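Trainee:
Numbering (the UniProt record's numbering), first residue to last: 1 to 389.
This is how it looks when you write it as structure tokens:
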């Protein structure tokens, strides 16, 4: 059950009124209690366009597949994993009703990926239909179509992210290819790359970002100021943003993070939305802030466009050990770096004499089989005669 799960369908829940719901379970390693199994729990969702989260712990009851979950809003429930595979799970919970009498039941269809293959959807539906407790018509679908920027309640001052101390910027310079990123309004393409070059006046670093969108290559350039704590302050088109290098071995991978307070940001919420109220109170206690928002971004980079298992594990260890408000593996979306995704058309103008494209000739393009040159010549001659007339 450990790892990240995506909610693709659930019973109605008072505390889950949003979409893009995701649950993360990680094993806590507490050296003071080595014989006690404790699992950290973080539940996330999008409410009114903002990512919110609530966290807690889960402990096994001794019954196979059963956990007692305690969340930070004092909610407690018994969670049962009715079936778990490598691709999906069906969960069931029971908790005391807020009125003090009766119980609240919950059930979730969970997937390891934002969408589930049709054959697995059928397996889940068949399992539910044949289960004596579950009711198929009680489930409502959950959308995982969350492609907007990651906005959260609070401010960047509450984030515990720190850059890599004593970073060697000379080794970091050069080209980095994006492997995955948080959703960004300015990055909607693929084949995203960043080039860092030394040599500007006053020790500034030249920055050039590029991407391919619908076959068109676009680039944007600026400059950066660096310091010894892994922070790079980049200015492009009068817009200045701080970027933090959280991890890198210079030759294979780099993990980068940024955070921006949203000026004048006010959290929009429906007073009747109980979940919004619970989360607002939770964040107010945690961050001492109520009517503020911040925008976060993160990038997984590679020198080659792909990451081996060791590099991915090194970055995941940083992501998993961070505070839930800082980094989350489930926010990253993959970036393609294959030749087809990086293919782009040249810009034509009145002075061009020939078409030059990057890469080698594509041997997949074949001529017409059984080509008859005589027939082509005949039709070509007829065309010329008609044109002369």
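C-beta: ideal position from N, C-alpha, C; glycine also.
These numbers were taken from a predicted model, which means no experiment stands behind them.
Could you pull out every residue in the same chain whose Cβ sits closer than 8 Å to the Cβ of residue 272, ignoring the five residues on either side in sequence?
Mentor: With a pLDDT of only 32 at residue 272, under the threshold of 50, the placement of this residue in the model should not be trusted; the figure read from the coordinates follows. The answer is none, since no qualifying residue turns up.
Trainee: Note down the Cα distance separating residue 444 from residue 102, rounded to an integer number of angstroms.
Mentor: This structure cannot settle anything about residue 444, because the visible part of the chain is limited to 1 through 389.
Trainee: Looking only at C-alpha atoms, which of 341, 293, 246 sits nearest to residue 314?
Mentor: Among 341, 293, 246, the Cα nearest to that of residue 314 is on 246.
Trainee: State the Cα-Cα distance for the pair residue 367 and residue 361, rounded to the nearest angstrom.
Mentor: Roughly 14 Å between the two C-alpha positions.
Trainee: Terminal residues of the continuous alpha helix (DSSP H) containing residue 96?
Mentor: First-last for residue 96: 88-96, but that is the beta strand (DSSP E), not the alpha helix (DSSP H).
Trainee: Starting from the Cα of residue 231, find the closest Cα among 13, 244, 259, 224 and give me that residue.
Mentor: Residue 231 has its Cα closest to that of 244, out of 13, 244, 259, 224.
Trainee: How many Å lie between residue 192 and residue 216 at the Cα?
Mentor: The straight-line gap from Cα to Cα measures roughly 12 Å.
Trainee: From residue 335 to residue 253, what does the alpha carbon distance come to, in whole angstroms?
Mentor: Answer to the nearest angstrom: the Cα atoms are 14 Å apart.
Trainee: Can you list, in chain order, the residues of its chain with a C-beta nearer than 8 Å to that of residue 2? Leave out the 5 residues immediately preceding and following it.
Mentor: Cβ within range, chain order: 25, 26, 27, 39.
Trainee: For residue 219 and residue 229, which I take to be in contact (beta-carbon distance under 8 Å), what is that distance rounded to the nearest angstrom?
Mentor: Contact flag wrong, Cβ pair sits at about 29 Å.
Trainee: Which residue wins for smallest C-alpha separation from residue 467, given the options 178, 170, 80?
Mentor: Shown here, the chain extends from 1 to 389; a query on residue 467 therefore has no answer.
Trainee: Measuring from the CB of residue 91, is there a heavy atom of the ligand ATP at a distance below 7 Å?
Mentor: With respect to the ligand ATP, the structure offers nothing, as it holds no ligand at all.
Trainee: Quick check on DSSP: helix, strand or coil for residue 61?
Mentor: Note: residue 61 maps to coil in three-state DSSP.
Trainee: Using alpha carbons as the reference points, say which of 235, 65, 87, 95 lies closest to residue 74.
Mentor: When only C-alpha atoms are compared, the closest one is 95.
Trainee: Let me check understanding here. Comparing Cα to Cα, which of 160, 90, 259 lies closest to residue 112?
Mentor: Closest option to residue 112, Cα to Cα, is 90.
Trainee: Expressed to the nearest angstrom, what Euclidean distance is found between the alpha-carbon atoms of residue 99 and residue 123?
Mentor: For residue 99 and residue 123, the distance between alpha carbons rounds to 36 Å.
Trainee: Within 10 angstroms of the Cβ of residue 279, are there 16 or more other Cβ atoms? Answer buried if so, exposed if not.
Mentor: Low confidence applies to residue 279: its pLDDT is 37, below 50, so where it sits in the model is not reliable, and the reading given next is rough at best. Label assigned to residue 279: buried.
Trainee: Closer than 8 Å is the cut-off here; do at least three beta carbon pairs connect the region 304-321 with the region 173-180?
Mentor: Yes, they touch.
Trainee: With a cut-off of 8 Å, does the C-beta of residue 97 fall near any C-beta of chain D?
Mentor: Here chain D cannot be found, since the structure has a single protein chain.
Trainee: Taking the beta strand (DSSP E) that residue 312 belongs to, which residues open and close that run?
Mentor: Per DSSP, residue 312 belongs to no beta strand (DSSP E); it is in the alpha helix (DSSP H), 309-321.
Trainee: With a CB to CB cut of under 6 Å and the five nearest residues on each side skipped, what residues in its chain are close to residue 287?
Mentor: Bear in mind that the predicted position of residue 287 carries a pLDDT of just 40, short of 50, making it unreliable; the figure below should be weighed with that in mind. Around residue 287: 154, 158.
Trainee: Quick check on the burial criterion: 16 or more other C-beta atoms within 10 angstroms. Buried or exposed for residue 198?
Mentor: Classification for residue 198: exposed.
Trainee: Could you tell me the alpha carbon to alpha carbon distance between residue 239 and residue 204, rounded to whole angstroms?
Mentor: Roughly 16 Å separates the two Cα atoms.
Trainee: Whole angstroms are fine: how far does the CA of residue 87 sit from the CA of residue 62?
Mentor: Their backbone Cα atoms lie some 25 Å apart in a straight line.
Trainee: CB residue 109 to CB residue 9, shorter than 8 Å?
Mentor: Their beta carbons are under 8 Å apart, which means residue 109 touches residue 9 by this criterion.
Trainee: Would residue 51 and residue 145 qualify as a contact pair, given that the criterion is a beta-carbon distance under 8 Å?
Mentor: No, they are not a contact pair.
Trainee: Assuming residue 212 contacts residue 190 under a Cβ cut-off of 8 Å, what Cβ separation, rounded to an integer in Å, is found between them?
Mentor: Confirmed, Cβ separation roughly 6 Å.
Trainee: Quickly, what does DSSP pair residue 127 with across the bridge? List them, please.
Mentor: Beta-bridge pairing links residue 127 to no other residue.
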